[in-house]
Amino acid sequence: MPGMLEIMVQNMVNIPLIQPLVDVLLKIPVINYIVALILWRPIFAVLIIPGLGAIMLVLMIIVWWERKLTARVQWRVGPLEVSRPIGGVMQVMADGMRYFFQEVIVHRNAHAIYFIQLPILAFLPVLLPILLIPAGPVYAIRSDYAIPAIVALIALIPVVIIAMGWASNNRFAYIGAIREAFMYFAYEIPLIFAVLAMMVLYGSGDPFVIVEKQTVPGILLNPVAALTFIIATVMATSRLPFEIPEADQEIAFGPFVEYSGILFGLVMTLAYEKLYLMSLLLTILFLGGWNGIAIPILGDFMPPFWLFLKAFVFMLIISLLRSIYARYRLDQALRIGWSSILAISIISIAISYALVLTGWLP
Amino acid sequence: MSEMVRFLHSGPLAPIKRWGTKWSLWPVHLVTACCGVELAHAYASGYDGERLGSLNYGISRQTNLIIVEGAITRKMARILKMTYEQMPDPKFVMVMGACGLKGGLFWNGYHMVKPSDVVPVDFFIPGCPPTPEAMLRGIRELQEKIWSGEPRNSISFNKIDMLRIGSPRLAPPSPKKIAKTPLVKVNVDRSEKWKEGGIIVKEVSDLLGELASSVTITGRNRICVFVESENAVEVAKRLSRLFDHVKSVNVIDVPHESSFIIEYVFSSYSNKKYMPILLTMASRIDREEAKFPSLAEIFPSADYLEREMHDLFGVWFEGNPGMGVRFLIAPDTPENPLRKDFRLEEEVYTGGDGR
Amino acid sequence: MTGMKEVREMSIEVPVEPPAEYESLFIPVPKEFVEDAYRKDDFIVFIGPQHPGSGHMRIIVRLKGDFIVEAIPDPGYVHRSMEKLAENRLYVQNIPLLERPAIMDFGNYNLGYVRVIEEALDIEVPERAQYLRVLLAELGRIGTHLYDAGILAVFMGHTTGFMWPFAVREFIVEALTHITGARITGSFIIPGGVRRDVDEKVLRMIGRIIFTIENRLEKFERVFIRNPTVVARLKDVGVLTREEAIKYGVVGPFLRASGVEYDVRRVESYEVYDDLDFEIPVGDDGDGYTRFLVRVEEIAQSMSIIRQVIDRIPEGDVISSDIEAISRNDIRGSFYDALAKITLPAGEYTTLTEAARGTLLFSVLSDGASNVPYRLRFVTPGWMYLKGFMESLKGERLADLQAIYGSFGYFPPEADR
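Quick mapping for you: the protein sequence lines, in order, are chains A, B and C. Residue numbers for the first sequence follow our numbering, so the first one is 1 and each next one is one higher. Residue numbers for the second sequence follow our numbering, so the first one is 363 and each next one is one higher. Residue numbers for the third sequence follow our numbering, so the first one is 718 and each next one is one higher.
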C-alpha cells in the first residue's frame, strides 16, 4: 500500500521554476510531508491559487490599490507614510492589526450568539466555491455542474448579511438588511441568466469544457452577457454606484453598523472576497479562463497564474468606479435591475441560442 | 480578563498592536463646530491626512479617534460622551481649536462645556481655527505618543523678557460702558433717511387703520408699526396682503419697564414693490405674564423663530405647537438665558490700573 | 365574483413602550409620538448628530416604508449663545464673534454687521474699501458654494466630488490669506473701511487664481455636475414650489431655485454692487438639482464680479475719514483708540446682506449710552430655510434625506449660531 507521501507526490503541481528546491525539501523528513501536502493539487488549489493565499493577496493589494487609485484621481497621495519605500502597501496590514487588537463590542440588544458567529460563518459561502473553481490542471473537485454550483454558493452570501442585519438589532442594520434583500433579487436573476447564456453557448456547466471551447473569448462571442455579468458583479459586491446596502452616509454601513474590532474587519472583507469570486467566474466564462501565453518555466503553475492575473486585472479596473460615481437610490437600482438589466440578460440568452442554432460554435 | 488586557498591553504582541494602532488612527465623523472646515481641509486634497494612515470614517464602532472640532455645547457634550463610550478600546481624543481648550471666543457662553470635562483628552491643538498643518501635526504627535507611550509637546516657545519691550500700553480697567437705565426705543423716527417712504407708510396706515398705534420710518426701507398684542393676529392677517414671510422674530427684554417688546419683521418675495422693505411689527407685553399669540398659522416661516424665542426668553407663543419643549438649547441650560437678569461671567481686564 | 372572501383588516395589539433612555437622550418629540409610531408600524429613525450623513444636528425622521412621513429637526447642537455674548462685548469686539457662524463666508458676515454700525453712525466708506469688501464677500461666496458642493458630493457617496472642490477651495484660501493674513477667519472689515490696503500684486494673483479655478471647475463639471448618477439622485427630489418656498421663507439660492428673483445685492443694493455687472441665476423646478445648479452658476457670476473688481478698483484710502486713524491705509496702531469707543445713537438698526447661503439679517438695538449693543438679533440664512428644508423632506425616500440635506447646503453652526 502506497503511503500518503506517494499519493501526494504523484499528484503534485509541477513547477519547473522551483523544482530544484522542492526536490531538496522532499528529502528532509517531516518537511517533505508539508511540502508535498501544499503542492498536492487539490490542496494547492484550495490553499494557494485560486484559494486562500490568493484571497489574502487580493485583500492586501486591492484595498491598497483602491485607496491609492482613488487618491490619485482626487489629486492627492493616499496611504503612504506607514511604509514610504513601498508606497504604503503596509497600510492594509496596519488597519488589519488595529482591527485585530481592538475591543469587540457586543451591545446589549444584539442577539449575541448569532451576532458573533455570523461574520465567521460568512466565510463558508466564500470558501466553498473555491473548491469548485479549477485552474487548469490544479483543481479540487471536477463536476459537470460546477458553474451552477458556484453561482448557488455565492448567492448564499447575502443571506448571511441579512442575518447579520437581523442579529444586530439596530434600525440602520435592519434597513440595510432589507436593502440587501431587495438588491439581491434585483441582480441575482440577471446574473443567473447571463451565466445561463454562456452555458447554453458552450453547452456545458463544466469549467474545463467552457475554457476549452473558448478559442475566441466569450466576451466577444456574447458581449451582451458579459455586460450583464459585469453590472451584476458591481451590484452584487455593493460597489459604487450600487453601494446601496452599506451606504455609509445614509444608513451608516447598514448591516455592519454595530460590528467593531476584528468582527468588522471580517465583514468588511466580505465584499472584496465576493468580488474576487465573481472575477474568477467572469474570467472562466468570458475571458478565456486559464488560457494564455505559455510560460514553460511555470509548468503546472501557468494556468493558475493566468487565471489569477486576468481576474486580478479585472478587479483593478473595476476599482476605478469608486472615484467616478455617486450612489444610486434603492428604487433606481431596482428599476435598473428589474428592467434594463433583466431585458438585456434575456437578450443575451437569445443571442446564445442564435449562435448555437446557426452553428457558429461546435 | 485583566490578564488578557495586560498581555495585550505589555505582552510579546504589544509592539504589533501599537504599530497597528499608530498607523491606523481613524477619526469618527463627529462634527461639533466650525473647526470642521479646517478638518475637512486636512483630509482633502490639499493636505491629505490619509497619507498618515488616518482615514475619516463613519461611525463610532469602527473608529478609534474622536477629533473634537472646537466648541462643545451642552447638547453636544452628551453626544460626545455617548460616542466616546460606544467606541471600542483603544480610543483617543484630540481637541481642535481655542474653544475646546479654554472656551476661546465663547468662554462665558451659557451653552458651553469644555471637552476635557467630558472625555479624557490626549492632545489639544490650539488655534481659531487651527490650520490643517497644525491638525496633521497633532496626528503625528498622537502617533508618537502611541508608539513611545509618552506625550510630548511639539512646540516650544521662546521666553520673551517683558522688561525689554518697553512700557506696555495701558488699557482702561474695563472699556465697557453700560447704561444703568437704558433707553429702549425700537421706533425712533428717522424719516429724513427715507424721503420717498411716505407713500408706503400711508398705504400701511390705511391698511391697518385703528389697529396700529404708530407707524414710523426707522431708516431707509424700514418701517416700524407698533400694535397692541391682542390686535397682533388681525394686524398680521392684514399685513399678509402685502407681505408674505417673516424674516425675524425678536424679543427685547426691558426689565426696568417690566415688559418685553416682541418684534416680527415682515418682508415680501412676491411683490416687487415691497421686496426691499422690512416692516417691523412691534408690540409690548407684560414681563411677568409673557404671552403672545403665535403667528405661525398665518406665516409658517415664523414657526421655528418663535420656538427659538420661547427657548431663550420664555415667552409663550399661544398656538405654536413647539411650546413647552426645548428646541434649540439643552434641557440642563439655565432658564431663559437671554433675559437681562441672567448674567454671564464678566471678563477681567488686567494692566489698566498699573498692574 | 361571489366566492371572493371579505377582506378584513387585522391588527394585533402589541405592548410597546419607548426605550428606557428616552428621558436622558434629550429627545424633543413627545412620548406619545413615539408610541403612536410604534402602534402604526411606522419607523422612527434618528439621523445624527453622530452619523456619517449628517452635520451637527439631529433629524428625527418618521418613516412609512421607505417614505418620510414627518421630519422633526433637533437643532442647537452648535448653539454657542452668540446673541447673549454680543450683548456683553464692545461693538468692535463683536466683529470676530459674529463671523463664527460661517467662517468660510466671513466677508459677508463682517459686512452685514459692520454695515449696521456704519448706518447708525452715517460713516462714508471710501470706494476702494468698498471694492475690497465686495472682493472678500465674493471670494467667500465661491468658497462656501464649493464647500457645499463637496458636502453634497460626499453625502451621495461621490468622494471625488468632495475632494476636488476642497482642492479648489485651497486657492480661495490662498487668496484670503494674502489679503487678510488668516486662512478662513479674516475679521477684515471694520467700521469705516477695511483693516489695511491690498497691493497690486495680490490683486493680480487673485486674477490668476480665478482663471485657474475656472479651468478646474470645468473638470469638476464633467465628473460631478453632469454625472448621470448625480443627476438621477437630485432631479425631482425635495421639490419646493414657488408658493411653498415663499410661504416657508426660504432664502438665497434655494429661493431663487424655486423661481423667485430675490437677491439682496439687487433688491437693496449695498457697497458697489450697483455699479457691477452680474446676473442673478434663477431656476424654475425648485428641486435638489436646480438648487445645486443655481449655486454653480453663482460661482461663475462671482468670478465675473471679482474680475470686474480687479479691473475697476480705484486708488485711494481704505479707511474712512470719519474714523480717527493714524494712517488711512492701515488701521494698525490706532485700532483700539479709533474703534473701542463706538456708541450708536438710540434706536434699532437692521441690515440685510446676501451671504452665500442667503439673506443674512443683523438687527442691533442700541440704548444710546452703552458701548455694547442692548440687544443684537441676527438671523442666519440656515436658520431661515430650516423650515423649508424640513418641509421638502416630507414624502421623499429615506435615501433622499442626504441628497436634500446636501442640496440645501445646510450648515448647522450657521443656523444655530
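Note that the Cβ used here is the ideal one computed from N, Cα and C, for glycine as well.
- Within the segment 263-290 of chain A, contact with chain B at the beta-carbon level (separation under 7 Å) is assigned to F264.
- At least one CB of chain A lies nearer than 7 Å to the CB of S407/B.
- Note on the segment 84-115 of chain A: there is no whole beta strand (DSSP E) run with a minimum of 3 residues.
- Neighbourhood of I324/A in chain C, by CB distance below 7 Å: T877 and V940, in chain order.
- Three or more beta-carbon pairs drawn from the segment 51-65 of chain A and the segment 84-96 of chain A are found closer than 8 Å, and the two stretches are therefore classed as touching.
- A Cβ-Cβ distance of about 10 Å is found for the pair R239/A and R327/A, leaving them out of contact under the 8 Å criterion.
- The alpha carbon of A167/A has as its nearest neighbour, out of P207/A, I113/A and Y139/A, the alpha carbon of I113/A.
- Within a 10 Å sphere around the beta-carbon of A433/B sit 16 or more other beta-carbons, which makes this residue buried.
- Annotation: the continuous alpha helix (DSSP H) that includes R921/C extends over E917 to F937.
- For the segment 223-256 of chain A, residues whose beta-carbon sits nearer than 9 Å to a beta-carbon of chain C comprise L240, P241, E243, I244, A247, D248, Q249, E250, I251, A252 and F253.
- A straight line joining the alpha-carbon of R499/B with that of E887/C spans about 19 Å.
- Cβ atoms of V842/C and E836/C stay farther apart than 8 Å, at about 11 Å.
- The beta carbon of E273/A sits closer than 7 Å to the beta carbons of I55 and V126 from its chain, once the five residues preceding and following it are set aside; these are given in chain order.
- The beta carbon of S632/B sits closer than 7 Å to some beta carbon of chain C.
- Taken through DSSP and simplified to helix, strand or coil, P389/B comes out as strand.
- For the pair E988/C and V981/C, the Cα-to-Cα distance works out to about 11 Å.
- DSSP, reduced to helix, strand and coil, places S620/B outside both helices and strands of the structure shown, so it counts as coil.
- Contact annotation: the segment 31-38 of chain A does not touch the segment 249-269 of chain A, with fewer than three C-beta pairs closer than 8 Å.
- When DSSP states are grouped into helix, strand and coil, C461/B belongs to the helix group.
- From the beta-carbon of I901/C, the residues of chain B found nearer than 8 Å are V399, E400 and P491.
- Scanning chain B for C-beta atoms nearer than 8 Å to the C-beta of Y1127/C yields nothing, as the closest lies near 12 Å away.
- If you compare the alpha carbons of I923/C, I777/C and V746/C with that of L893/C, the shortest gap goes to I923/C.
- Taken atom to atom, the span from the alpha-carbon of C461/B to that of F242/A is near 41 Å.
- By the beta-carbon neighbour count (other beta carbons within 10 angstroms, threshold 16), D410/B is buried.
- Within chain C, the residues D783, R1114 and A1116 have their CB atoms less than 8 Å from the CB of L330/A, given in chain order.
- About 16 Å separates the beta carbons of G1123/C and M821/C, which is beyond the 8 Å limit, so they are not a contact pair.
- By the neighbour-count criterion, in which a residue is buried when 16 or more other Cβ atoms sit within 10 angstroms of its Cβ, E1041/C is exposed.
- In the structure shown, V871/C adopts helical secondary structure according to DSSP, grouped into three states.
- N682/B and G254/A have their C-alpha atoms roughly 37 Å apart.
- Close to chain C, meaning a Cβ-Cβ distance shorter than 8 Å, are the following residues of the segment 376-397 of chain B: V390, H391, L392, V393, T394, A395 and C396.
- Within 9 Å of the CB of R171/A, the CB atoms of chain C belong to F760, I761, V762 and F763, in sequence order along the chain.
- Judged by DSSP secondary structure, R1092/C falls within the beta strand (DSSP E) whose first and last residues are R1092 to V1096.
- Within the same chain, V267 come within 6 Å of Y259/A by CB-CB distance, once the 5 residues on both sides are set aside.
- Contact annotation: G1003/C and V1011/C have beta-carbon atoms that are not nearer than 7 Å.
- With at least 16 other beta carbons inside 10 angstroms of its own, T493/B counts as buried.
- S416/B has no beta-bridge partner at all, per DSSP.
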